[in-house]
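S.K.: Last residue of the sequence shown: 1171 in my numbering, with the numbers rising by one and none dropped. Built from N, CA and C at the ideal position, the CB exists for glycine as well. The structure's right below; bear with me while I get my questions together.
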Amino acid sequence: MTAIQIFASFTNNVLSSNWLRALIAMVGSVVLVVVVYGVLSKLSKRRHSKHFVMVINSTRKSVIAFSFALSGTESIRFAPFRWRLGLNYAAQIAVILTIVWIIVNILAVVSTMVVERFDITVVDNRDARRTVTQVSLIHRVISITIIIIGILVSLTTLPAIRTFGTTVLASAGVLSIVAGIAGQSTLGNMIAGIQIAFSGALRIGDVVVVQNEWGTIEAITLTYVVVKIWDERRLVLPVSYFVNTPFENWTRDTSQLLGAVLIFVDYSVSIPELRKELIDYVSSHPLWDKRVVTLQVVNSTELAIQIRALVSSSTSGNSWNLRCDVREHLITYLMDNNPGSLPRVHIDVAKPAAGKDTTQN
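See below:
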């Protein structure tokens, strides 16, 4: 027997194996999907289709898993008879879960595409931030619902689970009471998250003061809210906190703010000159939005008077920086032009006379 005949005989024997046929079918389906996705990826890059690239990159793994599971269902007939029932249940569950995976990935891409249409970096971004918040919450709700439904449907393919489900439905009254008590906090947070998203009380990007901390809303989920504090810390609070507890929202209707600078000065200071200096300085400042600039005496004590410089800005960040600049400029102006106008406390310490004993007997 020649070497060619030996190789042909070996090949026929190997290919006649059922399990090997099944393996080749499953691997072949995966290779086919990988090749198709590779071609589509190159085409999308050539056409510079950003959204098409997002769809391909986000669904690649899930579609490969789906093709592997689907080819597995067709290959079960090659398995030994005693294994077919268990493998059939496993394949059905795998197909359902991979379909859920694909749908969730597509929803994520659609949500990203919608969010990208709204620019929340511009000054007047109230409507854009509201839409982004609502789309993010809707995406999470739909994704969680699809995942739960997919898991339940996949489990019902098992006869034992179906029997258990019938028993659960028979005692649904007791279970609903127990679940209601156990999940009251989580369910309350989810309802509060949906309420906040559609009421407009809180949006992604809002500037808030919560628990004496100034920060920006970074994320709103169905159960918690992430506040990015000015010093890069994150404050994580349950969504129900913003429903039950008062908080400051500096960008509820508009991002424009008035900033106040308070300074104590001596009675000898010339208020009109200081007011003119403030107006001249703020008029050329890039952070002033040309709405409000004024200086007033708001308080007086036996030692000094208190003045308030009021300036307006387009955002809370600009307001903070403008206030700091105005405070520094006014203090520098007073020190250079009228140092005596700043309040001082004088303490005279009398030195004891030379040779005098200051100790007490």
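1. Count the other C-beta atoms from every protein chain shown that fall within 10 angstroms of the C-beta of R1043, then say buried if there are 16 or more, exposed otherwise.
2. Take V873 as the anchor and find which of G1069, L853, V920 and I913 has the nearest alpha-carbon.
3. Exposed or buried, what is A875 when buried is set at 16 or more other beta-carbons lying within 10 Å of its beta-carbon?
4. Compute the Euclidean distance between the alpha carbons of K1038 and G1025, then round it to the nearest angstrom.
5. With DSSP as the reference, label I1014 as helix, strand or coil.
6. Which runs of the alpha helix (DSSP H) spanning at least 4 residues fall entirely within the stretch 1088-1149, listed in chain order?
7. Taking 9 Å as the cut-off, decide whether the C-beta atoms of T943 and N915 are in contact.
8. Within 10 angstroms of its Cβ, does A982 collect 16 or more other Cβ (buried), or is it exposed?
9. Between the Cα of V841 and those of S877, N1131, T1064 and I956, spot the shortest distance and give me the residue it belongs to.
10. Which same chain residues end up closer than 7 Å to E1058 when comparing Cβ atoms and leaving out the 5 residues on each side of it in sequence?
11. Under the three-state reduction of DSSP, which class applies to V1079: helix, strand or coil?
12. Counting along the chain, where does the alpha helix (DSSP H) carrying G1053 start and finish?
13. Given a cut-off of 9 Å, decide if A1002 and S946 are closer than it, judged by their beta-carbon atoms.
14. Less than 6 Å between C-beta atoms, sequence neighbours within five positions excluded: which residues of the same chain meet that for R1137?
15. Judging by CA-CA distance, which residue of T883, P1082 and Q1005 is the nearest neighbour of I1117?
16. Just to confirm, is the Cβ distance from A1114 to F1074 under 9 Å?
17. Please list, in chain order, all residues of the same chain as L1068 whose beta carbon is under 7 Å from its beta carbon, the five residues on each side excluded.
18. Could you tell me the alpha carbon to alpha carbon distance between F1052 and V1046, rounded to whole angstroms?
19. Between P1048 and T1033, is the Cβ-Cβ spacing less than 9 Å?
20. Taking Cβ positions, are V1107 and S1151 nearer each other than 9 Å?
21. Which residue from L1084, W1060, V863 and A904 puts its Cα closest to that of N1128?
M.R.: By the coordinates alone:
1. For the purposes of this step, residue 1043 is taken as residue 233 along the sequence shown, with counting starting at 1. Counting Cβ neighbours within 10 Å, R1043 comes out exposed, since fewer than 16 surround it.
2. Numbered from 1 along the sequence shown, position 63 holds the residue referred to as residue 873. Ranked by Cα distance from V873, the first of G1069, L853, V920 and I913 is I913.
3. Within the sequence shown, numbered from 1, the residue matching residue 875 stands at position 65. By the Cβ-count criterion, A875 is buried, with 16 or more other Cβ atoms from all chains shown falling within 10 Å of its own Cβ.
4. Taking the sequence shown and counting its residues from 1, one reaches residue 1038 at position 228. Taking the sequence shown and counting its residues from 1, one reaches residue 1025 at position 215. K1038 and G1025: Cα-Cα distance of roughly 5 Å.
5. One-based indexing of the sequence shown puts residue 1014 at position 204. Coil, per DSSP.
6. Taking only runs of at least 4 residues, the alpha helix (DSSP H) segments lying wholly in the stretch 1088-1149 are 1126-1147.
7. To locate residue 943, count along the sequence shown from 1; it is residue 133. To locate residue 915, count along the sequence shown from 1; it is residue 105. In this structure, N915 does not lie closer than 9 Å to T943 by Cβ.
8. Against the sequence shown, residue 982 aligns to sequence position 172. Its pLDDT being 47, under 50, A982 is placed unreliably by the model, and the measurement read from it follows with that caveat. It is exposed - the Cβ of A982 has fewer than 16 other Cβ atoms within 10 Å.
9. Residue numbering aside, residue 841 sits at position 31 when the sequence shown is read from its first letter. Checking every option, the nearest Cα to that of V841 belongs to S877.
10. Taking the first residue of the sequence shown as position 1, residue 1058 is located at position 248. Sequence-distant partners of E1058 (beyond 5 residues in either direction) whose C-beta falls short of 7 Å from its own C-beta, in its chain, are V1018 and V1019.
11. Sequence index remark: in the sequence shown, residue 1079 carries index 269 (1-based). DSSP places V1079 in the coil class of the three-state scheme, outside both helix and strand.
12. On the sequence shown, position 243 is the one that residue 1053 refers to. The residue you asked about is not Gly; residue 1053 is Val in the sequence shown. First-last of the alpha helix (DSSP H) with V1053: Y1051 to N1054.
13. Residue numbering aside, residue 946 sits at position 136 when the sequence shown is read from its first letter. Residue numbering aside, residue 1002 sits at position 192 when the sequence shown is read from its first letter. The answer is no: Cβ separation not under 9 Å.
14. Here residue 1137 is taken as the residue at index 327 of the sequence shown, counted from 1. These residues qualify, in order along the chain: V1071.
15. Residue numbering aside, residue 1117 sits at position 307 when the sequence shown is read from its first letter. Here the closest residue by C-alpha is P1082.
16. On the sequence shown, residue 1114 is found 304 positions in, with the first residue counted as 1. On the sequence shown, residue 1074 is found 264 positions in, with the first residue counted as 1. With contacts defined as CB atoms closer than 9 Å, A1114 and F1074 qualify as a contacting pair.
17. As a working note, residue 1068 is residue 258 in the sequence shown. So the qualifying residues of the chain are V1102, L1120 and S1122.
18. Within the sequence shown, residue 1052 is the residue found at index 242, counting from 1. Within the sequence shown, residue 1046 is the residue found at index 236, counting from 1. Rounded to whole angstroms, F1052 and V1046 show a C-alpha spacing of 12 Å.
19. Along the sequence shown, one-based indexing puts residue 1048 at 238. Along the sequence shown, one-based indexing puts residue 1033 at 223. Contact check for P1048 against T1033 passes: the beta carbons are separated by less than 9 Å.
20. What you label residue 1107 is simply residue 297 of the sequence shown in a count that begins at 1. What you label residue 1151 is simply residue 341 of the sequence shown in a count that begins at 1. No; because the gap between Cβ atoms is not below 9 Å, this pair is not in contact.
21. Position 318 of the sequence shown, counted from the first residue, corresponds to residue 1128. Ranking the options by Cα distance to N1128, first place goes to W1060.
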